[in-house]
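Reading through the structure tokens given below for one structure.
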Amino acid sequence: QQQVKQSPQSLIVQKGGISIINCAYENTAFDYFPWYQQFPGKGPALLIAIRPDVSEKKEGRFTISFNKSAKQFSLHIMDSQPGDSATYFCAARGSSGSARQLTFGSGTQLTVLP
Amino acid sequence: GAGVSQSPRYKVAKRGQDVALRCDPISGHVSLFWYQQALGQGPEFLTYFQNEAQLDKSGLPSDRFFAERPEGSVSTLKIQRTQQEDSAVYLCASSLGPDSPLHFGNGTRLTVT
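Listed in order, the protein sequences are those of chains A and B. Throughout the first sequence, residue numbering follows this note's numbering, covering 1 to 114 in sequence. Throughout the second sequence, residue numbering follows this note's numbering, covering 115 to 227 in sequence.
Here it is as structure tokens:
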């Protein structure tokens with residue numbers, strides 16, 4: 001059972017454009033929602049994260065929007081740059097017990113054209 | 115550096131061989147996780163340690179997989195009698211505590227021929 005569904009699978013954006021990646025989750029016990037960026041041959045690196053008590057969090061060009069009632073959250077990359085070309089993963093984590101691990105989406109391969 | 119270190123970076127094993135993958139977490143990090151990442155997929159949870167205690171091993175796909183962290187720092191993931199379906203990148207991640215952000219290593223790419 002896929003607990004975190006991510007879309008699109010791939011995304012091509014022109015330099016300077018906005019990249020938007022969406023995720024939906026099923027488990028209402030999730031209370032921490034990070035986004036990771038992964039370059040080829042590297043491990044995932046934390047980009048930005050949000051908890052469900054806020055609807056939006058912004059860090060530089062990266063913004064997470066969170067809709068608790070719809071159980072959806074999205075990553076917006078403003079002024080996308082070729083250096084942003086990577087695979088992006090959303091994830092979710094529970095608050096206690098055996099739910100401490102992150103559950104990842106299937107990833108979005110972003111290509112930013114120069 | 116001060117990041118999570120994994121070795122070897124690449125491992126080729128013949129089907130049926132045993133392999134051992136090592137993870138050196140960031141110093142002082144209490145929590146340690148192992149994930150398996152198949153090509154083109156997101157990481158999938160294998161097991162979780164808090165200090166030397168293995169608190170969750172629900173993600174280990176079979177009894178051929180075994181992980182340990184005897185002194186609460188370095189961890190080893192062992193796969194016995196490797197199969198082709200074990201081919202993947204094995205990622206280790208550590209954090210200060212269970213509620214802290216995870217820091218990933220660059221993984222070990224295992225290829226079983």
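Idealized CB from N, CA, C, for every residue including glycine. All figures in this text were calculated on a predicted structure; none of them were measured in a lab.
- For the stretch 151-185 of chain B, the set of residues with a beta-carbon nearer than 8 Å to any beta-carbon of chain A comprises Gly-154, Gln-155, Gly-156, Pro-157, Glu-158, Phe-159, Tyr-162, Leu-169, Asp-170, Ser-172 and Gly-173, in chain order.
- If you look at Glu-26(A), you'll find it isn't in any beta strand (DSSP E); DSSP assigns it neither H nor E.
- In this structure, DSSP gives Asp-200(B) a helical state, which the three-state scheme calls helix.
- Taking a Cβ-Cβ threshold of 9 Å, the residues of chain A close to Leu-205(B) are Gly-43 and Pro-44, in chain order.
- Residues of chain A whose Cβ lies closer than 7 Å to the Cβ of Leu-146(B) do not exist; the shortest such Cβ separation is about 11 Å.
- For Lys-192(B), the uninterrupted beta strand (DSSP E) segment begins and ends at 189-193.
- Taking C-beta atoms as the reference points, Thr-225(B) and Ser-201(B) count as a pair closer than 8 Å.
- Gln-120(B) places its beta carbon less than 8 Å from that of Gly-219(B).
- Nearest CB-CB separation between Gly-221(B) and chain A: below the 8 Å threshold.
- Legend: CB atoms of the stretch 117-135 of chain B lying less than 7 Å from CB atoms of chain A are not found in any residue.
- For Val-133(B), the closest of Trp-148(B), Ser-209(B), Pro-212(B) and Leu-191(B) by C-alpha to C-alpha distance is Leu-191(B).
- Below the 8 Å Cβ cutoff, chain A contributes Arg-100 as neighbours of Pro-212(B), in chain order.
- Following the DSSP letters along the chain, one finds Lys-58(A) inside the beta strand (DSSP E) bounded by residues 56-59.
- Here the alpha carbons of Pro-157(B) and Gly-60(A) stand approximately 26 Å from one another.
- Judged by pairs of C-beta atoms under 8 Å, the stretch 31-48 of chain A touches the stretch 64-75 of chain A, as three or more such pairs exist.
- Under the three-state reduction of DSSP, Asp-53(A) is assigned to coil, being neither helix nor strand.
- In the three-state reduction of the DSSP assignment, Arg-100(A) falls in the helix class.
- Annotated three-state conformation of Asp-84(A) is helix, per DSSP.
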